[in-house]
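Beneath this line is the structure, given in structure tokens, with notes to follow.
There are 2 protein chains.
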Amino acid sequence: MIDKHDRATAQADSAASTATSSASGDAHESFLRDFDTMGGFGATGHGGVDRQAASEADNEQRRWFQGLLEGRGFTVEYDRIGNQFGLLELVPGAPYVLIGSHMDSQPTAGKYDGAYGVLAAAHAAFRIADEASAGGASAGVAEGAKYNVAVVNWFNEEGSRFVPSMMGSSVYTGVLPLEDALAVRDKAGISVEEALRPTGFLGEGAGPVAALCAEIHIEQGRLLENAGTTIGLVTATWAASKYRVVVRGEQAHSGATVMEDRKDALYGASLLVVFARELTDRFPGKLHTAVGQLDVYPNSPVVVASEVTLLLDLRCDDEALLAEANALLDARFAEIEAKADVEIERTLSHSWDINPYQPAGVDLARSVAEELGLSNDEIMTVAGHDSTNMKELVPTVMLFVPSVDGISHNEGEYTEPGDLVAGLDVLTGVVRHLIRGNLS
Amino acid sequence: MIDKHDRATAQADSAASTATSSASGDAHESFLRDFDTMGGFGATGHGGVDRQAASEADNEQRRWFQGLLEGRGFTVEYDRIGNQFGLLELVPGAPYVLIGSHMDSQPTAGKYDGAYGVLAAAHAAFRIADEASAGGASAGVAEGAKYNVAVVNWFNEEGSRFVPSMMGSSVYTGVLPLEDALAVRDKAGISVEEALRPTGFLGEGAGPVAALCAEIHIEQGRLLENAGTTIGLVTATWAASKYRVVVRGEQAHSGATVMEDRKDALYGASLLVVFARELTDRFPGKLHTAVGQLDVYPNSPVVVASEVTLLLDLRCDDEALLAEANALLDARFAEIEAKADVEIERTLSHSWDINPYQPAGVDLARSVAEELGLSNDEIMTVAGHDSTNMKELVPTVMLFVPSVDGISHNEGEYTEPGDLVAGLDVLTGVVRHLIRGNLS
């Protein structure tokens, strides 16, 4: 497995490794052309995109994607939380191999996150459709098939506009009740249902039945790049604890009130942000923490804040260390309450242990990468993905391609075209096996 | 002068001290009745109000106040930034003694801040109007008058919806260009002009010409209460430095990005909030600091913040100490840039030295309070007031009444009715002198 301590290894040249797929040159070109088109939806003008869930840019892209799928003969349908499916029927009535990711983005985000995985899934399915309809040896694809193929564009994976993230796959897999998801409101007070209803993307059913799943995504870190590895075989998700924290103080005049009378919620929250960050110094390379969202009330220049709400995450590649970090955080909450004269309420909104993908899927992905002559290694994912939900429901294969400099959720996000098409080839090979049920 | 070190002195009973004004019992009752009515505009249901500038609650109250003034024979007019004036003409063509404060509020604020001063000004003017129109000895008020009286309700003193604060008095006194003020937008993108235009409160002219000014306000601290003093004779404003700070980092995935790669703007901002607060420990009782407003971008649960904007104030009763605090802050900015790998841009948006009111006004206020048998002492104001602008233009008297527990910008703000009417009596006495030009 690649970890932070062996970055010097495996200096394989990823450009060379993708040369093996030159036979699929046309397919690669077609993929890269479509990917360029996708980068235009919600383009920020600085190389990035802003396509928050059910925004006009997200909607436009979905309409375009529907056309792309229908143009290749796929049936497009939407489920009751707005997940978009492109169906290729090989075995009438059989369940589906679900492949895809999400096309929504963070604000001022990169164009690879999620979008790459959806388009790679579509192009993998296009190849399989071509193979199935062609004569000769490749006709065997259809003949040996046990399952159909569904390309999926999950709704609202990012959770920037509507919390929580991974909303579409959470409803699909039953971990989030539909009613709760539809009722979530953005900061302008618009609910998911109100945002989706006028788009025509709100269907009735529960979507196609899945038998197996695969997703490909950019790494969003720099382990693959540092190791010179093209394909990441994702074995597990880091353990995580996610808190919603409310710091409560008291409104006061920010000038006149004597300092010792103040119960400043923003001071308390800031002590917490600083602690959370500096906690990672005690677990170098093992613990990631973040406060990405923080809202101040009343947020006026001359009022001491009475309430600050923030989201605090701890992620760790070791469950025992995570427990240790949580215990330190616990102790610090009490210290901050005393120091800033505030009350802190915290709710553990999500938490999970080290969460493995099915080893048979990792083995399958490895064998496909090896057949294609692509450098590969096992890797864990720090971020959650829709496949994190799916693997609880059905055996799921998760693949990574490198992110240059590990930059993600940033307009500067970049993956080499050679790596994009290498990933497409591996995903296509994996899906060829999955539709035959080859996952021992 | 009252300061934090002599709180044990002067335990005069404020209830007893206001008994001397029992002759004005009817006027007091009428004042308190009107003040109760005002507390209903934008009432929060928890004893407070929410009447941000040009909100519906602010507009309603202005319409009510216009009716109150007109009912007493005053002419009501509005200037080009929406300041509301109630004019009482005693000497045709003469300039005005401007008395008043502001009726807008912070969100979930108290009902005394500003509103008390406007209504006290109105009732002081009502008494003077009655005296002027009455026969007998009190007719002398009009006969000796050199100036007219204008009650003023300044637009947007609080600055919570539209920054900067003290907007109306800043435009009136020429320190803020009209065009800049009208163009300021709230967070919903509505400009001051767009908010004011439909209300009918946007006039054409520059308002009545002022010769002298007086304002009464709640203290918003607890020095008067601690000393048992009813009337504060405000001698000066604390020195202040107000910064607009932008902390710039880089968007990144809040889970996947390795910690040492992060340029977390919120971590940098939090270090600054903590430093600013803890800086006050080095200057006990002498330095007040605050960050009341802080905005995070993109403020998404799974994105490291690329930009945080905040407003940071330092206020001090000693100019040399303020310079020392600013130097420490300077040094800390650089340390935070290095520690959090961010860039910090800061703009000194406002700054002033210890800013005295005219001593003759302090003497006049003292003599009136003494005549009424009300305990009084000199005091500085930490907060800015509209009179802070006015005293640069014309000689200005500033008065305080006590705030229970020093609570302000909070629904729990409270001043004893006895103190409210004592302040009204002193203000009335001061205005009687001012209209005759008695300010030696």
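Going down the list, the protein sequences come from chains X and S.
Position one of the first sequence corresponds to residue 1 (the numbering used here), numbered consecutively onward.
Position one of the second sequence corresponds to residue 1 (the numbering used here), numbered consecutively onward.
Every residue gets a Cβ at the ideal spot worked out from N, C-alpha and C, and that includes glycine.
All values reported here derive from a predicted model rather than from experimental measurement.
Judged by DSSP in its simplified three-state form, LYS242 (chain S) adopts strand. Where ILE128 (chain S) is concerned, the enclosing alpha helix (DSSP H) starts and stops at 115–133.
Fully enclosed alpha helix (DSSP H) runs of no fewer than 4 residues occupy 223–227 of the segment 200–255 of chain X, in order along the chain. Here DSSP, grouped into helix, strand and coil, assigns ARG185 (chain X) to strand. With respect to the C-alpha of GLU371 (chain S), the residue from S:LEU279, S:VAL382, S:ALA422, S:CYS316 having the closest C-alpha is S:ALA422.
The beta carbon of LEU310 (chain X) is closer than 7 angstroms to those of VAL245, ALA269, VAL291, GLN293, LEU294 in its chain, skipping five residues each way along the sequence. Straight-line measurement puts the Cα of ASP419 (chain S) at about 12 angstroms from the Cα of ALA369 (chain S). According to the DSSP assignment, GLN358 (chain S) belongs to no beta strand (DSSP E), since it is labelled neither H nor E. Between GLY47 (chain S) and VAL401 (chain S), the alpha-carbon positions lie close to 19 angstroms from each other. The C-alpha of ASP113 (chain X) is placed about 15 angstroms away from the C-alpha of THR37 (chain X).
Bridge partners of SER101 (chain S) according to DSSP: S:ASN153. Listed along chain S, no residue sits closer than 7 angstroms to SER133 (chain X) by beta-carbon distance, the nearest being about 39 angstroms off. Per DSSP, HIS433 (chain X) is not a residue of any beta strand (DSSP E); the alpha helix (DSSP H) it occupies stretches across 417–435. Fully contained in the segment 254–282 of chain S are the following alpha helix (DSSP H) runs of length 4 or more, in chain order: 265–279. Burial state of GLY174 (chain X) is exposed, judged by a 10 Å Cβ sphere holding fewer than 16 other Cβ atoms. Fully contained in the segment 335–403 of chain S are the following alpha helix (DSSP H) runs of length 4 or more, in chain order: 359–371, 386–390.
The DSSP-derived three-state label of ALA54 (chain S) is coil.
Between the segment 223–238 of chain S and the segment 343–358 of chain S, the count of Cβ pairs shorter than 8 angstroms is three or higher; the stretches touch. Annotation: the continuous alpha helix (DSSP H) that includes VAL171 (chain X) extends over 167–172. Inter-residue distance for PHE275 (chain S) and ARG332 (chain X) is about 18 angstroms (C-alpha atoms, whole angstroms). If you check each beta-carbon in the segment 243–263 of chain S against every beta-carbon of chain X, the ones closer than 8 angstroms belong to GLU250, GLN251, ALA252, HIS253, SER254, GLY255, ALA256, THR257, VAL258, MET259, ASP261. Annotation for GLY406 (chain S): GLY221, ARG222 place their beta carbon closer than 6 angstroms to its own, counting only its chain and skipping 5 residues before and after.
By the CB criterion at 8 angstroms, ILE435 (chain S) and TYR172 (chain S) fall outside the cutoff. Listed in chain order, the beta strand (DSSP E) runs fully inside the segment 29–100 of chain X are 75–78, 84–88, counting runs of at least 3 residues. Cβ neighbours of GLU60 (chain X) within its own chain (closer than 6 angstroms, five residues either side excluded): PHE41. ASP264 (chain X) and VAL304 (chain X) have their C-alpha atoms spaced approximately 6 angstroms apart.
At least one CB atom of chain X sits nearer than 8 angstroms to the CB of LEU294 (chain S).
A straight-line Cα-Cα distance of about 27 angstroms links LEU312 (chain S) and PRO107 (chain X). By the rule that beta-carbons nearer than 8 angstroms mark a contact, ASP313 (chain X) touches chain S. Between the alpha carbons of ASP186 (chain S) and ALA188 (chain X) lies a distance of about 15 angstroms.
Of the residues assessed, ARG161 (chain S) falls on the buried side of the cut-off, its CB having 16 or more other CB atoms within 10 angstroms.
Under DSSP, VAL308 (chain X) takes part in a beta bridge, and its partners are X:VAL247, X:VAL296. Just measuring C-alpha positions, the residue of X:LEU399, X:GLU343, X:ALA320, X:TYR116 sitting nearest TRP154 (chain X) is X:TYR116.
Taking 8 angstroms as the threshold, the shortest C-beta distance from HIS102 (chain S) to chain X does not fall below it. A Cβ-Cβ distance of about 7 angstroms is found for the pair ALA125 (chain S) and ILE99 (chain S), placing them in contact under the 8 angstroms criterion.
For LEU178 (chain X), the secondary structure class from DSSP, reduced to helix, strand or coil, is helix.
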